[in-house]
Amino acid sequence: MDDRQAQNFWPPLAAGIGLGLALMAMFLFTGHGLGANGFFTRTVVWLSDIANPVWAEVNAYFKPYLGKGHPLNEWISWEIIGVALGALVGSLTARRFQWKIERGPRTGVPARLALALGGGVLTGFGAPLARGCTSGLGLSGGATLAVAAFVFLIAFFSAGLFLSALTRRIWQ
Amino acid sequence: MNFPLESSGMLAVLVAGFFFGYFLEVSGLGSPRKLTAQFTLRDWSVFKVMFTAIVVAAAGLWLFDVIGWLRFDALKIQTTFFWAMAIGGALLGAGMAIGGYCPGTSVVGLFTGRVDALVFMLGMLIGTTLFAANFKALQGIYMAAQGPKGQTLAALTGLPTWLILLSLAGLAFAGFRLGAWFENRDGGAISAGELSE
Numbered sequence: 004m005d006d007r008q009a010q011n012f013w014p015p016l017a018a019g020i021g022l023g024l025a026l027m028a029m030f031l032f033t034g035h036g037l038g039a040n041g042f043f044t045r046t047v048v049w050l051s052d053i054a055n056p057v058w059a060e061v062n063a064y065f066k067p068y069l070g071k072g073h074p075l076n077e078w079i080s081w082e083i084i085g086v087a088l089g090a091l092v093g094s095l096t097a098r099r100f101q102w103k104i105e106r107g108p109r110t111g112v113p114a115r116l117a118l119a120l121g122g123g124v125l126t127g128f129g130a131p132l133a134r135g136c137t138s139g140l141g142l143s144g145g146a147t148l149a150v151a152a153f154v155f156l157i158a159f160f161s162a163g164l165f166l167s168a169l170t171r172r173i174w175q
Numbered sequence: 023m024n025f026p027l028e029s030s031g032m033l034a035v036l037v038a039g040f041f042f043g044y045f046l047e048v049s050g051l052g053s054p055r056k057l058t059a060q061f062t063l064r065d066w067s068v069f070k071v072m073f074t075a076i077v078v079a080a081a082g083l084w085l086f087d088v089i090g091w092l093r094f095d096a097l098k099i100q101t102t103f104f105w106a107m108a109i110g111g112a113l114l115g116a117g118m119a120i121g122g123y124c125p126g127t128s129v130v131g132l133f134t135g136r137v138d139a140l141v142f143m144l145g146m147l148i149g150t151t152l153f154a155a156n157f158k159a160l161q162g163i164y165m166a167a168q169g170p171k172g173q174t175l176a177a178l179t180g181l182p183t184w185l186i187l188l189s190l191a192g193l194a195f196a197g198f199r200l201g202a203w204f205e206n207r208d209g210g211a212i213s214a215g216e217l218s219e
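Sequence order for the protein chains is A and B. First residue of the first sequence: 4, per my numbering; consecutive thereafter. First residue of the second sequence: 23, per my numbering; consecutive thereafter.
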C-alpha cells in the first residue's frame, strides 16, 4: 500500500461545481433532478409484493407504485447504477477503494453495524415522510429554489448538529 | 432549444448518475466519518459541496430561463408540506449522525468498499416498510401545512430570482469562510490518507 497511496479528495469547490453541472444537465434533459431514495422505495414495494402481495396491494402508500413491475423499469434505478459505477471508477482510479467497515477508533464492529442499521431505519422512515432525501429534495429542490428544499435542509442540519453532541464519541 | 427535453432515455440518466456518484466520491462523501464530521463542525465538505452544487445548478437553470431556452415552469418543483418535510428532514439528519449515511451516499459508500453501507441500506428497507405499514396513521402529519404549489423562494419573498441567487452565493461564501476557520482549528478536513490508515 505504501508505494501506491490513496490520492486525496478534490477540493470541495471543484467537486461542488462538477456536481452542480451534472445536476443542471439532469434537469435540462429530464425536467427533474437527481435522487436516491426513490430507488429504495421502489425496492421495498417490489420486495413486499413478492413477500406479501395481499398486504402490499391494499397498502395506500404502495398503491401508486404497484403494477409498474420490476424496479429496473424506473429511471431512478438506472441513475443509481450510474452512481454506483461513478463511485467505483472514482475510488479505483484514485486508489481509494478499500473493503472495510468504517468506524470511529472507539467503536467496535458489532456496535458500528447496529448503529448503521438504526440510522438506516430512521432514514428509511424519514425520507418517504419528507417526500424525498438529501439528494432528491435537498439538493435537487435547492437547485429549483423550492421552499420545500430549504425547510428540509434546515431541519436536516439542525437535527444533525443537535444529535452530534450525543454521537460524536461514536466517530472520533 | 426548448429545455427540458423530457427524455426518459435511460442512457442520459445513467450518465448523469455516473457523474453524481463520481463527484460525491472524489469529494469524500462516501465516507461516514467525513459525513458525520460535518455535524461536529470538524469537516465542512458536506455543506461546501452541497451548497456549491445548489448555487451552480440554480444559477445555470436561471440563465437558461433568462435567455429563453428553458421552460422553468416545466421543471419539477416540489410543493412544501411543512411538518412532513421538517420532521422527515430531522429524521434524515439523525439517521446520518447515527448511521453515517444518507440514501445517496450509502450507494457511494458501498461501491467504495464500505460494508457498513450495506447494513445501512438494509435499515432503510426496514424503515420504509415501517412507514408504509403506518401510512394511514401518519396521514395527518403527511398532509399538514401544505404550501402553494411548487413555491420557490422568489415566490415566497417576492424578491427577484437573481437576488435570491446572490444571497445563496453569499451564504455559501460565508459557510466556506466559517468552515475554513473550524477546519484550521481542528487540524484540517479529513483526508483520504487518514481514512485508509
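We treat Cβ as the ideally placed atom computed from N, Cα and C, and that holds for glycine. Because the structure is a prediction, the values reported are computed rather than measured.
Sequence-distant residues of its chain with Cβ nearer than 6 Å to residue i (five each side left out)
i, result
"tyrosine 68 of chain A", "Val48"
"glutamine 161 of chain B", "none"
"alanine 130 of chain A", "Asn40 and Cys136"
"methionine 4 of chain A", "Unreliable placement is indicated for methionine 4 of chain A, whose pLDDT of 45 sits below 50; the coordinate value is still reported in the next sentence. No residues qualify anywhere along the chain."
"leucine 63 of chain B", "Phe204"
"tyrosine 64 of chain A", "none"
"valine 71 of chain B", "Ser49"
"proline 74 of chain A", "Arg45, Thr46, Trp49 and Ser80"
"serine 51 of chain A", "Ala59"
First and last residue of the uninterrupted alpha helix (DSSP H) at residue i
i, result
"lysine 56 of chain B", "54-59"
"glutamate 47 of chain B", "32-48"
"alanine 167 of chain B", "Taken as a continuous stretch (DSSP letters only), alanine 167 of chain B belongs to no alpha helix (DSSP H), as it is neither H nor E."
"leucine 15 of chain A", "The sequence shown places proline at residue 15 of chain A, not leucine. That run of the alpha helix (DSSP H) goes 15-33."
"alanine 90 of chain A", "78-96"
"asparagine 55 of chain A", "Neither: asparagine 55 of chain A is in no alpha helix (DSSP H) and is coded neither H nor E."
"asparagine 206 of chain B", "183-207"
"glycine 145 of chain A", "143-146"
"tryptophan 84 of chain B", "67-88"
"phenylalanine 153 of chain B", "137-155"
"glutamate 216 of chain B", "214-218"
"serine 138 of chain A", "Careful: serine 138 of chain A lies outside any alpha helix (DSSP H) and carries neither H nor E."
"alanine 149 of chain A", "Where alanine 149 of chain A is concerned, there is no enclosing alpha helix (DSSP H), given that its DSSP letter is neither H nor E."
"isoleucine 120 of chain B", "104-121"
"leucine 178 of chain B", "175-179"
"proline 125 of chain B", "125-132"
Close Cβ partners of residue i (< 7 Å) along its chain, the five nearest in sequence each way excluded
i, result
"glycine 41 of chain A", "Ile79 and Gly139"
"glutamate 105 of chain A", "none"
"glutamate 47 of chain B", "Val130 and Thr134"
"glutamate 60 of chain A", "Leu69"
"aspartate 6 of chain A", "No answer about aspartate 6 of chain A holds up, because its pLDDT of 49 lies below 50 and its placement is not dependable."
"serine 94 of chain A", "Phe100"
"arginine 134 of chain A", "Leu140"
Residues of its chain near residue i, where Cβ-Cβ distance is below 8 Å and the 5 sequence neighbours each way are ignored
i, result
"methionine 146 of chain B", "Pro125 and Ser128"
"glutamine 10 of chain A", "Ala97, Arg98 and Arg99"
"alanine 176 of chain B", "Pro182, Thr183 and Ile186"
"alanine 168 of chain A", "none"
"leucine 83 of chain B", "Leu92, Phe94 and Leu97"
"methionine 27 of chain A", "Ala146"
"glutamate 28 of chain B", "Ala96"
Beta-carbon proximity check, residue i vs residue j, cutoff 8 Å
i, j, result
"alanine 5 of chain B", "leucine 190 of chain B", "With chain B running from 23 to 219 in the structure shown, residue 5 of chain B is simply not present."
"threonine 101 of chain B", "glycine 172 of chain B", "yes"
"arginine 199 of chain B", "glycine 107 of chain A", "no"
"glycine 131 of chain B", "glycine 50 of chain B", "no"
"glycine 117 of chain B", "glycine 123 of chain A", "yes"
"lysine 158 of chain B", "histidine 35 of chain A", "no"
"phenylalanine 94 of chain B", "alanine 167 of chain B", "no"
"phenylalanine 159 of chain A", "glycine 145 of chain A", "no"
"histidine 143 of chain A", "leucine 31 of chain A", "A small correction: the amino acid at residue 143 of chain A is serine; histidine does not occupy that position in the sequence shown. In this structure, leucine 31 of chain A does not lie closer than 8 Å to serine 143 of chain A by Cβ."
"tyrosine 164 of chain B", "alanine 119 of chain B", "no"
"threonine 126 of chain A", "glycine 122 of chain B", "no"
"threonine 174 of chain B", "leucine 148 of chain A", "yes"
"glycine 149 of chain B", "valine 150 of chain A", "no"
"tryptophan 102 of chain A", "valine 35 of chain B", "no"
"leucine 132 of chain A", "phenylalanine 61 of chain B", "no"
At a Cβ cut of 9 Å, what residues of the segment 131-154 of chain A count as close to chain B, listed as they run along the chain? Against chain B - using a Cβ distance shorter than 9 Å - the residues of the segment 131-154 of chain A are Pro131, Leu132, Ala133, Arg134, Gly135, Cys136, Thr137, Ser138, Gly139, Leu140, Gly141, Leu142, Ser143, Gly144, Gly145, Ala146, Thr147, Leu148, Ala149, Val150, Ala151, Ala152, Phe153 and Val154.
Could you run through the segment 102-122 of chain A and flag, in chain order, every residue whose CB is less than 8 Å away from some CB of chain B? Listed by position, the residues of the segment 102-122 of chain A near chain B (Cβ gap below 8 Å) are Trp102, Lys103, Ile104, Glu105, Arg106, Gly107, Arg115, Leu116, Leu118, Ala119, Leu120, Gly121 and Gly122.
Any residues in the segment 27-38 of chain B with a beta carbon nearer than 9 Å to a beta carbon of chain A? Which ones, in chain order? Residues are counted here when their Cβ sits less than 9 Å from a Cβ of chain A; for the segment 27-38 of chain B these are Leu27, Glu28, Ser29, Ser30, Gly31, Met32, Leu33, Ala34, Val35, Leu36, Val37 and Ala38, given in chain order.
Any chance the segment 147-155 of chain B sits against the segment 105-118 of chain A, with 3 or more Cβ pairs inside 8 Å? Touching, no, given that fewer than three Cβ pairs across the two stretches are closer than 8 Å.
Specify whether the segment 103-118 of chain B and the segment 71-90 of chain A touch according to this definition: at least 3 beta carbon pairs, one from each stretch, less than 8 Å apart. Taking a cut-off of 8 Å on C-beta distances, the segment 103-118 of chain B does not touch the segment 71-90 of chain A, as fewer than three cross pairs fall below it.
Per the contact definition of three or more C-beta pairs closer than 8 Å, is the segment 43-62 of chain A in contact with the segment 70-85 of chain A? Result yes; three or more Cβ-Cβ pairs closer than 8 Å.
Across the segment 62-78 of chain B and the segment 205-214 of chain B, are there enough close Cβ pairs to call them in contact, namely three or more that are closer than 8 Å? Contact between the segment 62-78 of chain B and the segment 205-214 of chain B is present, because at least three Cβ pairs lie under 8 Å.
Taking a Cβ distance cut-off of 8 Å, strictly less, list which residues of the segment 135-148 of chain B are near chain A, in chain order. Listed by position along the chain: Gly135, Arg136, Val137, Asp138, Ala139, Val141, Phe142, Met143, Leu144, Gly145, Met146, Leu147 and Ile148.
Between the segment 154-174 of chain A and the segment 80-90 of chain B, are three or more C-beta pairs nearer than 8 Å? The segment 154-174 of chain A, when compared against the segment 80-90 of chain B, does not touch it at the 8 Å Cβ threshold.
Members of the segment 113-128 of chain B that neighbour chain A once the beta carbon cut-off is set at 8 Å: Of all residues in the segment 113-128 of chain B, those with a C-beta nearer than 8 Å to a C-beta of chain A are Leu113, Leu114, Gly115, Ala116, Gly117, Met118, Ala119, Ile120, Gly121, Gly122, Tyr123, Cys124, Pro125, Gly126, Thr127 and Ser128, reading in chain order.
Report the residues of the segment 194-211 of chain B with a CB closer than 7 Å to any CB of chain A, ordered along the chain. Listed in sequence order: no entries.
Under 9 Å (Cβ pairs) to chain A, residues found in the segment 174-186 of chain B: Within the segment 174-186 of chain B, the residues whose Cβ lies closer than 9 Å to some Cβ of chain A are Thr174, Leu175, Ala176, Ala177, Leu178, Thr183 and Ile186, listed in chain order.
Is the number of C-beta pairs between the segment 114-126 of chain A and the segment 134-142 of chain B that are closer than 8 Å three or more? With the cut-off at 8 Å, the segment 114-126 of chain A and the segment 134-142 of chain B touch.
State whether the segment 36-44 of chain B contacts the segment 10-27 of chain A, with contact taken as three or more CB pairs (one from each stretch) at a distance under 8 Å. At 8 Å Cβ cutoff, the stretches touch.
Identify each residue in the segment 70-93 of chain A for which the Cβ-Cβ distance to at least one residue of chain B is less than 7 Å, and report them in chain order. Within the segment 70-93 of chain A, contact with chain B at the beta-carbon level (separation under 7 Å) is assigned to Trp78, Trp81, Glu82, Ile83, Ile84, Gly85, Val86, Ala87, Leu88, Gly89, Ala90, Leu91, Val92 and Gly93.
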